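For the sequence shown, the residue numbers in full-length UniProt numbering are 1 to 375.
Glycine is no exception: its CB is placed at the ideal position from the N, C-alpha and C atoms.
Values in this document were obtained by computation on a predicted structure and should not be read as measured data.
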Amino acid sequence: MRIAINTRFLMPSKLEGIGWFTHETVKRWVEWHPEHEFIFIFDRPFSEEFIFAKNVTGVQAFPPARHPILFYCWYEWAIPRLLKKHKADVFVSPDGFLSLSTKVPTLMVLHDIAWMHFKKHVYYTAMKYYSYYVPKFVHAATRIATVSAYSKQDMVQAFDLAPTKIDVVYNGSHQNYQPLPLQEQELIRKEYSAGQAYFLYVGSIHPRKNVPNLLRAFDAFKQKTKSPAKLLFAGRIMWQGGPVGDLLETLVHKEDIIFLGYVSNELLPKIVASAFALTYVSLFEGFGIPILEAMYCNVPSITSNCSSMPEVAGAAGLLADPNSVDAISEQMQRLWTEPELRAELIEKGKTQRQQFSWDLTAQKLWESLEKVMKV
């Protein structure tokens, strides 16, 4: 079988989100299935580090798909021609987009439809593209995979899809996320949190990430407990002059809130593993990978009681209404004042995390591909 895969998110030193999903699944596929030929389709000059085995051929399709107009050119013009040229038997697209101009069977991975829930925060041109094309993509796809049962149900309702068309394929966690020896944790805390325990947020500032309520909840937690704990933010965060920066200036304990900015892929697992808890109270997530990464580091999570987050956290997380500052603050207080609760959540996490690994992701996605070929 000749399998063509959209690998445009495989970029050196820039693997995030969809890029990691693509990397971890297709790398396993080519190793597990040497009997098949794989065509990796990039949208710019590619690195040989992503040509994982001898049964992989890398090709570049012009133009680089980095804008809605170029999306159209890439998917509706370049992709169909390459699929025909290489006589592909199936096309796999892990980035939630597809080509409507090919008769080749397709497996589409649609991670979530956050753009439908937060329309005012999406750029106008991107919103026009998503609104017009994604409904067409999901109906044109031979089969769809998504990363949580929540996302599956969300798509079924939004697009009037048959549930049997969509497979749930959970994300995994990078192998670097693992428990850190206590001595190393102490060194991390000494370096980044003045030697104090800290709650941790991982990600960017975006309206759906609910950062203002997390800041308010932490301030309330500090006032009620007099705890020396810090709140660390890890990620590309541009808050100066914006609503988050303005809010920060009003907080009593703003000196205990630390913005680390961008953290390297090598350092971030250590930052996570040294945290007292992850605080991830987003308004919406298709999956919520930081919850899983914390779980693999034996770090409990306080997360939201909505969308996919209860599904990922299971019994290993404390849930809170993300719209309630009091609810978030109360869960922080519980975790801080009840060490036996924290220990219990860590133990439950060791069981919960067994549902999620990149091996399982690749296996389940391959099963979806096999269903495509049987249609």
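State the Cα-Cα distance for the pair residue i and residue j, rounded to the nearest angstrom.
i	j	result
Pro-12	Phe-40	15 Å
Pro-269	Ala-316	19 Å
Tyr-129	Pro-80	19 Å
Val-325	Tyr-72	43 Å
Thr-236	Glu-35	Going by the sequence as given, residue 236 is Arg instead of Thr. Arg-236 and Glu-35: Cα-Cα distance of roughly 42 Å.
His-67	Leu-319	37 Å
Val-56	Glu-49	12 Å
Lys-222	Pro-339	17 Å
Glu-191	Trp-336	22 Å
Trp-20	Leu-341	33 Å
Arg-44	Met-332	45 Å
Val-59	Val-104	18 Å
Gly-314	Leu-345	10 Å
Val-90	Ala-4	6 Å
Glu-76	Ile-69	11 Å
Trp-29	Trp-366	8 Å
Met-373	Lys-87	15 Å
Ala-78	Tyr-132	20 Å
Asn-305	Phe-118	18 Å
Glu-255	Gly-288	28 Å
Ala-234	Tyr-198	12 Å
Ala-61	Gly-261	34 Å
DSSP on residue i, reduced to helix/strand/coil?
i	result
Val-168	strand
Asn-6	strand
Glu-37	strand
Met-1	coil
Arg-342	helix
Thr-125	helix
Ser-329	helix
Lys-230	strand
Val-211	helix
Val-372	helix
Phe-259	strand
Met-11	coil
Trp-20	helix
Ile-69	helix
Thr-106	strand
Gly-96	coil
Phe-46	coil
Between residue i and the rest of its own chain, which residues show a CB-CB distance below 8 Å, the 5 nearest in sequence each way excluded?
i	result
Leu-215	Leu-231, Val-244, Leu-247, Leu-248, Leu-251 and Ile-257
Ala-194	Lys-230
Glu-31	Phe-52 and Ala-53
Leu-161	Val-138, His-139, Ile-144 and Met-155
Take residue i and list the residues in its own chain whose beta-carbon comes closer than 6 Å to its own, dropping the five residues that flank it on each side.
i	result
Trp-115	Val-122 and Tyr-130
Phe-46	Gly-58
Pro-64	Asp-43 and Arg-44
residue 402	Absent from the structure is residue 402, since the part of the chain shown begins at 1 and ends at 375.
Phe-284	Ala-114, His-117, Arg-208 and Ser-307
Gln-363	none
His-33	none
His-253	Asp-219 and Lys-222
Trp-358	Glu-24 and Gly-172
Can you tell me the Cβ-Cβ gap for residue i and residue j, rounded? I've got them flagged as a contact below 8 Å.
i	j	result
Thr-22	Thr-7	6 Å
Ile-291	Ser-301	5 Å
Lys-371	Ser-282	Actually they do not touch by this definition, with Cβ atoms about 31 Å apart.
Phe-159	Pro-135	6 Å
Gly-349	Met-295	4 Å
Val-299	Val-272	6 Å
Suppose the cutoff is 7 Å on Cβ atoms and the five residues either side in sequence are ignored; what does the same chain contact list for residue i look like?
i	result
Ser-368	Leu-107, Arg-143, Ala-145, Asp-167 and Val-169
Ser-274	Leu-180, Gln-185, Ile-188 and Arg-189
Ala-126	Pro-68
Phe-356	Tyr-170, Asn-171, Gly-172, Ser-173 and Leu-292
Arg-2	Glu-37, Ile-39, His-86, Lys-87, Ala-88 and Asp-89
With 8 Å set as the bound, which would you pick, yes or no: does the beta-carbon of residue i sit closer than that to a beta-carbon of chain E?
i	result
Ile-39	The structure shown contains no chain E, having only a single protein chain.
**Request:** Check whether the stretch 136-149 touches the stretch 104-121, counting contact only when three or more Cβ pairs, one atom from each stretch, lie closer than 8 Å.
**Result:** At 8 Å Cβ cutoff, the stretches touch.
**Asked** Per the contact definition of three or more C-beta pairs closer than 8 Å, is the stretch 275-286 in contact with the stretch 201-210?
**Response** The stretch 201-210, when compared against the stretch 275-286, does touch it at the 8 Å Cβ threshold.
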